[in-house]
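Structure record follows, encoded as structure tokens.
Number of protein chains: 2
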Amino acid sequence: MEFKISRDFIAQIEQLISENKGNELENLLQEIHYADIAEIMEELDDYEASYLFKILDSEKTAEILLELDEEVREKILRNLSAKEIAEELDELNTDDAADIIAELPQSKKEEVISELEDVEHAKDIVDLLRYDEDTAGGLMAKELVKVNENWNVLTCVKEMRHQAENVSRVHSIYVVDDEERLKGRLSLKDLLTTSTKTPISEVYIKKVDYVKVDTKDVEVARIMQKYDLEAIPVIDELGRLVGRITIDDIVDVIKEEADKDYQLAAGISQDVEADDSILELTRARLPWLVLALLGGFISVRVLGLFDGAMDNHPELFFFTPLIAAMAGNVGVQSSAIIVQGLANNTLSGSLWSRLLKEVTLSLLNGLILGVILLIGSHFLLNVNFMLGITVTVALLSVIVTASVLGTFIPMTLNRYGIDPALATGPFITTSNDICGILIYFSIAKMILGF
Amino acid sequence: MEFKISRDFIAQIEQLISENKGNELENLLQEIHYADIAEIMEELDDYEASYLFKILDSEKTAEILLELDEEVREKILRNLSAKEIAEELDELNTDDAADIIAELPQSKKEEVISELEDVEHAKDIVDLLRYDEDTAGGLMAKELVKVNENWNVLTCVKEMRHQAENVSRVHSIYVVDDEERLKGRLSLKDLLTTSTKTPISEVYIKKVDYVKVDTKDVEVARIMQKYDLEAIPVIDELGRLVGRITIDDIVDVIKEEADKDYQLAAGISQDVEADDSILELTRARLPWLVLALLGGFISVRVLGLFDGAMDNHPELFFFTPLIAAMAGNVGVQSSAIIVQGLANNTLSGSLWSRLLKEVTLSLLNGLILGVILLIGSHFLLNVNFMLGITVTVALLSVIVTASVLGTFIPMTLNRYGIDPALATGPFITTSNDICGILIYFSIAKMILGF
Numbered sequence: 001m002e003f004k005i006s007r008d009f010i011a012q013i014e015q016l017i018s019e020n021k022g023n024e025l026e027n028l029l030q031e032i033h034y035a036d037i038a039e040i041m042e043e044l045d046d047y048e049a050s051y052l053f054k055i056l057d058s059e060k061t062a063e064i065l066l067e068l069d070e071e072v073r074e075k076i077l078r079n080l081s082a083k084e085i086a087e088e089l090d091e092l093n094t095d096d097a098a099d100i101i102a103e104l105p106q107s108k109k110e111e112v113i114s115e116l117e118d119v120e121h122a123k124d125i126v127d128l129l130r131y132d133e134d135t136a137g138g139l140m141a142k143e144l145v146k147v148n149e150n151w152n153v154l155t156c157v158k159e160m161r162h163q164a165e166n167v168s169r170v171h172s173i174y175v176v177d178d179e180e181r182l183k184g185r186l187s188l189k190d191l192l193t194t195s196t197k198t199p200i201s202e203v204y205i206k207k208v209d210y211v212k213v214d215t216k217d218v219e220v221a222r223i224m225q226k227y228d229l230e231a232i233p234v235i236d237e238l239g240r241l242v243g244r245i246t247i248d249d250i251v252d253v254i255k256e257e258a259d260k261d262y263q264l265a266a267g268i269s270q271d272v273e274a275d276d277s278i279l280e281l282t283r284a285r286l287p288w289l290v291l292a293l294l295g296g297f298i299s300v301r302v303l304g305l306f307d308g309a310m311d312n313h314p315e316l317f318f319f320t321p322l323i324a325a326m327a328g329n330v331g332v333q334s335s336a337i338i339v340q341g342l343a344n345n346t347l348s349g350s351l352w353s354r355l356l357k358e359v360t361l362s363l364l365n366g367l368i369l370g371v372i373l374l375i376g377s378h379f380l381l382n383v384n385f386m387l388g389i390t391v392t393v394a395l396l397s398v399i400v401t402a403s404v405l406g407t408f409i410p411m412t413l414n415r416y417g418i419d420p421a422l423a424t425g426p427f428i429t430t431s432n433d434i435c436g437i438l439i440y441f442s443i444a445k446m447i448l449g450f
Numbered sequence: 001m002e003f004k005i006s007r008d009f010i011a012q013i014e015q016l017i018s019e020n021k022g023n024e025l026e027n028l029l030q031e032i033h034y035a036d037i038a039e040i041m042e043e044l045d046d047y048e049a050s051y052l053f054k055i056l057d058s059e060k061t062a063e064i065l066l067e068l069d070e071e072v073r074e075k076i077l078r079n080l081s082a083k084e085i086a087e088e089l090d091e092l093n094t095d096d097a098a099d100i101i102a103e104l105p106q107s108k109k110e111e112v113i114s115e116l117e118d119v120e121h122a123k124d125i126v127d128l129l130r131y132d133e134d135t136a137g138g139l140m141a142k143e144l145v146k147v148n149e150n151w152n153v154l155t156c157v158k159e160m161r162h163q164a165e166n167v168s169r170v171h172s173i174y175v176v177d178d179e180e181r182l183k184g185r186l187s188l189k190d191l192l193t194t195s196t197k198t199p200i201s202e203v204y205i206k207k208v209d210y211v212k213v214d215t216k217d218v219e220v221a222r223i224m225q226k227y228d229l230e231a232i233p234v235i236d237e238l239g240r241l242v243g244r245i246t247i248d249d250i251v252d253v254i255k256e257e258a259d260k261d262y263q264l265a266a267g268i269s270q271d272v273e274a275d276d277s278i279l280e281l282t283r284a285r286l287p288w289l290v291l292a293l294l295g296g297f298i299s300v301r302v303l304g305l306f307d308g309a310m311d312n313h314p315e316l317f318f319f320t321p322l323i324a325a326m327a328g329n330v331g332v333q334s335s336a337i338i339v340q341g342l343a344n345n346t347l348s349g350s351l352w353s354r355l356l357k358e359v360t361l362s363l364l365n366g367l368i369l370g371v372i373l374l375i376g377s378h379f380l381l382n383v384n385f386m387l388g389i390t391v392t393v394a395l396l397s398v399i400v401t402a403s404v405l406g407t408f409i410p411m412t413l414n415r416y417g418i419d420p421a422l423a424t425g426p427f428i429t430t431s432n433d434i435c436g437i438l439i440y441f442s443i444a445k446m447i448l449g450f
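Dropping the structure here:
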């Protein structure tokens with residue numbers, strides 16, 4: 001059922017733009033969803049995208065703005081006057097409008113705000129700009145339906161009708177006191193089945209889930225997921241109802257957080273996409289590579305310490321990549337499970353019980369892998385028995401150490417309030433490489449004596 | 001605002017259970033959310049958890065069942081008769097009930113189904129069991145509000161009241177024809193502001209997003225996210241409306257998909273959690289480790305090919321872990337960006353343009369890293385100039401190759417319908433290790449000649 005954007009369709013649009021046929025273009029795009037138009041615009045060049053944007057009406061363009069990639073949006077906005085941008089924002093919910101304003105350069109920001117027509121809307125947007133974007137305050141919208149506990153059902157219904165005009169989807173009706181403090185919520189059903197003179201205070205539900213303006217976005221996501229909420233009210237330091245967050249915003253938070261963890265695990269340090277510029281991609285990728293390279297320097301020095309082995313046991317050096325790779329893989333496995341457990345809040349028990357479990361697990365894995373290595377080194381790699389034993393003992397020790405490090409590092413980072421996902425990817429692989437090689441050659445020195 | 005489960009609270013509950021004080025326990029848990037009770041039950045032993053479950057009323061326990069970890073749920077269900085399980089399921093929506101039945105052993109499945117009281121409900125559940133769990137059919141619920149295009153507004157409102165009783169949250173009203181084929185949707189507002197005698201066919205919106213029963217769950221998630229939908233109707237092969245999917249189910253799909261990709265990147269091959277048993281964790285982790293070990297065997301053989309270098313250039317072997325690590329890291333970075341781009345559908349352009357970009361990017365990164373290595377090898381590692389040059393040239397070649405492989409492998413897997421995320425983690429690291437070492441020593445042989 002989804003509209004598929006074809007090469008031909010894009011070509012047709014480009015043709016119409018070059019022939020300056022605005023009306024035909026508008027007809028062609030009439031039935032197309034704004035999310036699809038946004039995708040089409042991302043395929044066009046700057047001039048074409050701006051042209052397309054200007055011929056569409058502002059109800060549609062406002063939604064398109066929201067769907068565009070940040071870069072394309074920036075280009076479009078650069079071609080619009082402050083007044084034109086303000087017109088777009090007047091069509092949007094406060095949270096979306098605030099997000100777009102936050103992306104503007106400082107000077108244009110104020111100009112746009114002063115051009116907003118609806119004063120209440122403008123006030124709400126300015127208010128939202130105060131909050132950090134990764135908190136409940138930064139996520140919430142001002143659009144909500146609220147009633148005073150001292151009203152009766154009749155006043156309530158009237159007021160609600162009025163308020164609901166600005167709210168695209170009513171998820172809940174919130175009840176506040178005279179000081180605007182959140183007291184509870186109201187079910188639509190109760191409201192409709194109660195006598196119109198009944199005071200709200202008698203019918204509302206006093207139990208309501210909420211978050212504070214400074215609650216972290218990932219925490220809001222966790223709470224809404226756990227309690228299966230489609231919307232949650234947000235209160236300020238004084239308990240006053242200041243906004244609400246809906247599930248679609250949370251979907252974005254979950255997606256972004258997952259993408260970020262995935263990228264950290266892969267050694268990519270910024271929020272980048274495959275289609276970003278080479279410079280941006282380099283900025284995201286180079287830092288971890290430099291770190292890994294410096295780690296590599298250390299491994300060169302560590303190997304240098306054991307150059308005495310070169311004369312009698314040169315084959316030892318053939319096994320370094322194998323040992324390093326196993327250490328890296330085991331370490332990443334351990335840390336990934338911990339990082340995911342921390343993110344999903346499914347980690348029970350103490351650090352010590354966790355480490356004990358990890359050691360048991362890695363001993364089991366290590367023994368199985370050790371047997372494979374012992375047999376393989378004899379039959380496939382034709383090394384002598386003592387060397388086989390050496391490498392096998394080293395592998396077992398390295399696996400246990402790597403899994404302990406992989407458990408210990410993220411849990412410790414987390415305890416000190418640092419994102420444990422940093423401990424996945426290159427960081428854990430590099431430190432495990434170095435430790436692994438050190439352990440391997442130390443054991444070899446003990447067994448073979450060089 | 002979230003209820004925090006303390007050690008003390010758990011101890012208090014355990015105490016009450018051991019003293020067999022069911023009533024006090026019920027009072028204590030009266031105000032606690034079912035999601036929190038599920039968390040509490042996961043902290044208790046089997047007997048305690050079952051005890052707790054049995055004293056609570058079935059409206060609450062049905063929801064608790066849904067929230068429990070699969071393992072704990074299995075234990076609880078094992079202690080319940082088919083009739084008792086059926087009572088729980090009668091409280092649940094069809095999709096949730098079907099999910100729970102699907103987890104039961106075959107013999108108990110039929111028994112439970114035959115005990116379901118509400119025949120319509122039972123029919124719907126059986127119907128849902130036919131679909132694969134990773135398709136729209138497996139995600140959808142049967143509960144929805146639908147009206148016939150031939151009715152008038154009055155009939156419609158009456159019918160809707162009746163239907164809405166079974167639907168916890170009405171997201172949309174769907175319009176069907178006499179053959180139950182989906183024709184469009186109805187806005188509540190239009191329904192309430194139109195004369196009661198108006199035929200529905202005159203007021204309904206003919207444009208409606210939908211998915212087919214066999215659409216993949218990740219595709220449903222993508223469509224709902226893209227078009228900002230809170231619910232989407234599902235049609236069968238004949239275009240008949242058979243169910244609807246709500247955004248909360250999609251949140252789970254997104255979360256699971258992200259977790260799975262993350263785990264694949266970390267070399268964990270099944271859906272496991274930190275709290276799973278050592279055996280389960282081993283099953284998830286060992287396969288990739290065995291693969292990496294076998295890859296290690298190959299790297300030992302490759303190094304063996306170049307043992308001639310041992311005499312004149314032993315330091316070459318000190319650099320193998322560095323080269324292998326860099327190859328691994330670059331490869332994972334490249335493939336992670338591709339895998340994410342494929343998952344988010346943000347990848348434009350052909351394989352060749354993608355490869356060209358990646359080569360440019362890796363040349364840039366490689367040159368910067370090469371300079372660091374050249375300087376570092378001279379000042380920090382004190383190796384001779386020719387060796388420094390050799391290692392630097394090798395690093396640059398290895399980085400370019402690794403990034404090409406990291407781009408090519410996931411894109412090719414994807415083209416053949418294989419999950420590209422398989423190409424992240426150990427698979428890409430291992431193949432890059434081997435290639436990297438081979439390239440490194442080949443270049444060294446060319447430059448230094450041994």
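Same order as they appear, the protein sequences are chains A and B. Residues in the first sequence are numbered consecutively from 1, following UniProt numbering. Residues in the second sequence are numbered consecutively from 1, following UniProt numbering. Beta carbons: idealized from backbone N, C-alpha and C, even for Gly.
For residue i and residue j, which I take to be in contact (beta-carbon distance under 8 Å), what is that distance rounded to the nearest angstrom?
i: alanine 97(B); j: leucine 89(B); result: 4 Å
i: leucine 293(A); j: leucine 369(B); result: 6 Å
Might you give, ordered along the chain, the residues of its own chain that have their beta carbon closer than 8 Å to the beta carbon of residue i, omitting 5 neighbours on each side?
i: valine 400(B); result: Val359, Ser362, Leu363, Gly366
i: proline 287(B); result: Ser269
i: isoleucine 235(B); result: Arg181, Leu182, Tyr210, Val211, Lys212, Val213, Leu241, Val242
Can you grab the Cα-Cα spacing for the pair residue i / residue j, in whole Å?
i: aspartate 69(A); j: lysine 75(A); result: 10 Å
i: serine 397(B); j: tyrosine 47(A); result: 40 Å
i: isoleucine 64(B); j: alanine 141(B); result: 19 Å
i: glutamate 26(A); j: leucine 405(B); result: 44 Å
i: asparagine 20(B); j: isoleucine 223(A); result: 32 Å
i: serine 350(A); j: arginine 415(A); result: 12 Å
i: aspartate 209(A); j: leucine 186(A); result: 13 Å
i: glutamate 117(B); j: asparagine 23(B); result: 28 Å
i: aspartate 419(B); j: glutamine 106(B); result: 30 Å
i: isoleucine 437(B); j: phenylalanine 427(B); result: 16 Å
i: valine 145(A); j: alanine 102(A); result: 26 Å
i: residue 454(A); j: aspartate 228(A); result: Shown here, chain A extends from 1 to 450; a query on residue 454(A) therefore has no answer.
i: isoleucine 100(B); j: alanine 62(B); result: 10 Å
i: glycine 296(A); j: tyrosine 440(B); result: 15 Å
i: alanine 325(A); j: leucine 395(A); result: 11 Å
i: alanine 49(A); j: glutamate 39(A); result: 11 Å
Regarding residue i and the ligand NAD, is the C-beta to nearest heavy atom distance less than 8 Å?
i: methionine 326(A); result: With respect to the ligand NAD, the structure offers nothing, as it holds no ligand at all.
Grab the span of the beta strand (DSSP E) containing residue i for me, first residue to last.
i: threonine 246(B); result: 241-246
i: asparagine 148(A); result: 145-148
i: alanine 11(A); result: No beta strand (DSSP E) contains alanine 11(A), which is instead part of the alpha helix (DSSP H) from 7-18.
i: isoleucine 32(A); result: That residue, isoleucine 32(A), is in no beta strand (DSSP E); it is neither H nor E in DSSP.
Who are the near neighbours of residue i in its chain, counting only those whose CB is closer than 6 Å to its CB and skipping five residues on each side?
i: asparagine 93(A); result: Ala141, Glu143
i: valine 393(B); result: Ile443
According to DSSP, what are the bridge partners of residue i?
i: threonine 135(B); result: Lys216(B)
i: glycine 184(B); result: Val175(B)
i: proline 199(A); result: Asn152(A)
i: valine 272(B); result: DSSP output for valine 272(B) lists no bridge partner at all.
i: valine 251(B); result: According to DSSP, which records beta bridges pairwise, valine 251(B) is partnered with nothing at all.
Where do the ends of the alpha helix (DSSP H) carrying residue i lie?
i: tyrosine 440(B); result: 426-448
i: leucine 363(B); result: 351-379
i: valine 404(A); result: 385-415
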